[in-house]
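FYI, the numbering for the sequence shown is -22 to -1, 1 to 525, going by mature numbering (1 follows the signal peptide of the UniProt record, and there is no 0). Backbone N, C-alpha and C fix where the C-beta goes; we use that ideal spot for every residue, glycine too. Following: one structure in structure tokens, then a few remarks.
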Amino acid sequence: MKANKWLGIGIAVTMFSTVALVGCGSDNSSDSKSSSSNDAQEINLAIAGEPSTLDSSKTTDSNSNLVIGNVGEGLTRIDKDGKAQPGVAKSWDISADGLTYTFHLRDDAKWSDGSNVTAQDFEYAWKRTLDPKTAAQYSFMVAWIKGGAEYNSGKGSVDQVAVHAKDDKTLEVTLASPRPYFLAQTAFPIFFPQKKDFVEKQGDKYGSDADKVLYNGPFKVVEWNHEQDIKIEKNENYWDKDNVKLASATWQIIKDSSAAENLYESGQLDRFTIVRDQVERYKDKPEYSVVPELTNAYIQFNEQNKALANVKVRQALTFAIDAKQYVDVILANGSQPAQGFVPTGVSDGNGGDFRKDNGDVVKRDENKAKAKDLLAEGLKEAGLSSFPALKLLSDDSDTAKKSSEFLKEQWRQNLGIDVQIESVPSKLRFQRQHNHDYDLVMSLWGADYNDPMTFLDMYTSDSPFNDVVYKNPKYDELIKNANNEPDAKKRMQYLYDAEKLLMQDMVVGPVYFRATPMVLKGYVKGWQNNVSAPTYDLKHVYVEGKN
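In structure tokens form, the structure reads like this:
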């Protein structure tokens, strides 16, 4: 997710969030789903910032996706092993050519108001996301449906979009080209259902407050005190409510890591993501763990700036950063220096690791000594006599400020330039980033699904997440070929070549692949981290042994 892809959310998430965007596997899990009658089934969690919306069509940030992903449900649901399992759909059929999916919905799938979840709710939601008037940043994922891209761009009609409710419990979807990861994608919030009459009744207020959304997932939002906290409770109308043990969970919006630690130590938080200065205090404790992620962190350059439009200037700014020192000194959390744009752990579609297959395409170590010369050459080519006054846009959190200061000092020491820091709230940073109102910004992108395409397609000329305004017909062609190639090995070769071209042009400056250290009280069981949004799934969480 970017500007928050979760990322994750995918989904660019801010690198300074106290909530991890993505993770793999599960920690503190248990096969038992029983819980002690003496333990209140309530937990308290930290979230780094205010969710921008609970409208699943318009969400892009990890905070929003975290909440939406726990109060809603798609056709599928991702299990602790990262596999797509039945969600609202109890089963599905896939055509021999891999293009047409027929989903069969559960008879007992209901909304929080007790009404039935229908195939029409999915058809309406997906077409609403594609509607140009909705201006959904994540519409590109739904646009993979046949006719979707044309409707989304204003060149086709809604009737040509190949998603149809055959009846209340049967949804037929035809893709424009095969997508081997489509089932997993239907678990992502952008594919969640919406009830038409409710959405239209709320109008512009839809998704803006607890009572402005209907919920079909394990939980429902009952309180949203903006900029303070969000409380969810078990959804008694959820089809699988018998396997939901938590009665409630509360996310407190906490930007300061020291404040989060104090709340954790005083028993007012049951989990929080720790930062560099806290690792030493927790690393030997049983509640400590490091969650590897499919998330990259990188410097984003606004190429509308004359200096940053030059590839040598971008290379200089990238090579001048000591990524190993950054992860060892600033983060100290298990993150690793980036050797490319696609993180370690992303599947190559054939049981291997894309990063290992494609090798080090950043080549930072062999080029660091050349950084100053590259800067001088680049400025000369750009017709500039000196480095212009530039600002590094940053979130206003505690960790963000430390990270920004490190980058500023690296550029001063290794390039002899002075970059100013501009700290703003994360929501404003997302807006400014998308509006190209920045010079330099540190971004993160988390996988929306486990495939390199979730990272590489964001820099095609027509991508809504192409905040650097990169345009390269050769790159567009490689991504197009990969999307249309049915042979897995040939498809992956197109993606290997695309990443190499992306780094050759130094469209962004990769810094590190993220891991997240966290502490979780031992009495919280069944915890599940996800590869994509939501960051974690509370459905099977319960409290045992607290009292």
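State whether the segment 31 to 48 contacts the segment 246 to 255, with contact taken as three or more CB pairs (one from each stretch) at a distance under 8 Å.
-> no
Going by alpha carbons, who is nearest to Asp182 out of Lys334, Lys111 and Leu295?
-> In the sequence shown, the residue the question calls residue 182 occupies position 204. Here the closest residue by C-alpha is Lys111.
What does a CB cutoff of less than 7 Å around Gln282 pick up in its chain, not counting 5 residues either side in sequence?
-> For the purposes of this step, residue 282 is taken as the residue at position 304 of the sequence shown. If we look at Gln282 and ignore the five residues flanking it on each side, its Cβ neighbours are His414 and Val447.
Name the two residues that bound the continuous alpha helix (DSSP H) containing Lys386.
-> Translated into positions along the sequence shown, residue 386 becomes position 408. Where Lys386 is concerned, the enclosing alpha helix (DSSP H) stretches over Asp376 to Leu393.
State the DSSP-derived secondary structure class of Ile46, mapped to helix, strand or coil.
-> In the sequence shown, the residue the question calls residue 46 occupies position 68. Residue state, collapsed to three classes: helix.
Considering Asp145, what are the terminal residues of the beta strand (DSSP E) in which it resides?
-> Position 167 of the sequence shown holds residue 145. Run containing Asp145: Val141 to Asp145, per the beta strand (DSSP E) assignment.
Considering only the beta carbon of each residue, do Ile46 and Ala165 sit closer than 7 Å?
-> Counting from one through the sequence shown, the residue named residue 46 turns up at place 68. Counting from one through the sequence shown, the residue named residue 165 turns up at place 187. Cβ atoms of Ile46 and Ala165: not closer than 7 Å.
Is the distance from the Cβ of Gln206 to the Cβ of Ile168 below 7 Å?
-> The residue labelled residue 206 in the question sits at position 228 within the sequence shown. The residue labelled residue 168 in the question sits at position 190 within the sequence shown. Not closer than 7 Å, so no.
Leu309 versus Arg254: straight-line alpha-carbon distance, rounded = In the sequence shown, the residue the question calls residue 309 occupies position 331. In the sequence shown, the residue the question calls residue 254 occupies position 276. When rounded, the distance between both Cα atoms is 5 Å.
Would you verify that the beta carbon of Lys524 is, or is not, closer than 7 Å to some beta carbon of chain E?
-> Absent here is chain E; the protein component of the structure consists of one chain.
Is the segment 494 to 508 touching the segment 423 to 438 in the sense that three or more CB pairs, one from each, lie closer than 8 Å?
-> no
With C-beta atoms as the reference, is Leu77 less than 7 Å away from Trp122?
-> Within the sequence shown, residue 77 is the residue found at index 99, counting from 1. Within the sequence shown, residue 122 is the residue found at index 144, counting from 1. Not in contact: Leu77 and Trp122 (Cβ atoms no closer than 7 Å).
Whose C-beta lies closer than 8 Å to the C-beta of Ser236 among residues of the same chain, with five residues either side of it excluded?
-> Here residue 236 refers to the residue found at position 258 when the sequence shown is read from its first residue. For Ser236, where only same-chain residues beyond five positions count, the Cβ hits under 8 Å are Asp376.
Measure the alpha-carbon distance for Lys379 versus Ser372 and round it to whole angstroms.
-> Your numbering for residue 379 matches position 401 in the sequence shown. Your numbering for residue 372 matches position 394 in the sequence shown. Cα to Cα, Lys379 sits roughly 7 Å from Ser372.
With Leu23 and Ser90 assumed to form a contact (beta carbons below 8 Å), what rounded beta-carbon distance in angstroms separates them?
-> As a position in the sequence shown, residue 23 is number 45, starting the count at 1. As a position in the sequence shown, residue 90 is number 112, starting the count at 1. Their Cβ separation, rounded to whole angstroms, is 21 Å, which puts Leu23 and Ser90 out of contact at 8 Å.
CB of Asp483 within 7 Å of CB of Asn280, strictly = Along the sequence shown, one-based indexing puts residue 483 at 505. Along the sequence shown, one-based indexing puts residue 280 at 302. Result no, Cβ atoms of Asp483 and Asn280 do not sit closer than 7 Å.
For residue 530, three-class secondary structure by DSSP = There is no way to answer for residue 530, as the model of the chain reaches only from -22 to 525.
First and last residue of the uninterrupted alpha helix (DSSP H) at Trp104 | Within the sequence shown, residue 104 is the residue found at index 126, counting from 1. Ala97 to Leu108 is the extent of the alpha helix (DSSP H) around Trp104.
If Phe81 sits next to Ala67, beta carbons under 8 Å apart, how far is it from one beta carbon to the other, in whole angstroms?
-> Counting from 1 along the sequence shown, the entry for residue 81 is found at position 103. Counting from 1 along the sequence shown, the entry for residue 67 is found at position 89. 4 Å between Cβ atoms; contact.
Is Ala121 near the ligand MG, judged by its Cβ being under 6 Å from some heavy atom?
-> This structure simply doesn't include the ligand MG, nor any ligand for that matter.
Residue environment, Lys290, which counts as buried when at least 16 other CB atoms sit within 10 Å = The sequence position of residue 290 within the sequence shown is 312, counting from 1. Answer is buried; the Cβ neighbour count reaches 16.
Please report the residue range of the alpha helix (DSSP H) in which Gly126 lies.
-> Looking up residue 126 in the sequence shown gives position 148. Gly126 to Asn130 is the span of the alpha helix (DSSP H), which, as asked, contains Gly126.
Determine the burial state of Ala425: buried for a count of at least 16 other Cβ atoms within 10 Å of its Cβ, exposed for fewer.
-> Residue mapping note: residue 425 aligns to position 447 of the sequence shown, counting from 1. Flag for Ala425 reads buried.
Following the continuous alpha helix (DSSP H) through Ile457, name the residue where it begins and the one where it ends.
-> Translated into the one-based positions of the sequence shown, residue 457 becomes position 479. Segment Pro451 to Asn462, the alpha helix (DSSP H) holding Ile457.
Given a threshold of 16 other Cβ atoms within 10 Å of its Cβ, counted over all protein chains shown, does Ile395 qualify as buried or as exposed?
-> By 1-based counting over the sequence shown, the position of residue 395 is 417. Per the 10 Å Cβ criterion, buried.
Hey, how far is the Cα of residue 534 from the Cα of Asp189?
-> No answer is possible for residue 534: it lies beyond the span of the chain, which begins at -22 and ends at 525.
Rounded to a whole number of angstroms, what is the C-alpha to C-alpha distance between Ser131 and Tyr116?
-> The residue labelled residue 131 in the question sits at position 153 within the sequence shown. The residue labelled residue 116 in the question sits at position 138 within the sequence shown. One C-alpha to the other measures close to 13 Å.
Can at least three beta-carbon pairs, one atom from the segment 206 to 226 and one from the segment 452 to 462, be found at a separation below 8 Å?
-> no
Find out if the Cβ-Cβ distance for the pair Ser313, Ala140 is shorter than 7 Å.
-> Indexing the sequence shown from 1 puts residue 313 at position 335. Indexing the sequence shown from 1 puts residue 140 at position 162. No, Cβ-Cβ distance for Ser313 and Ala140 is not below 7 Å.
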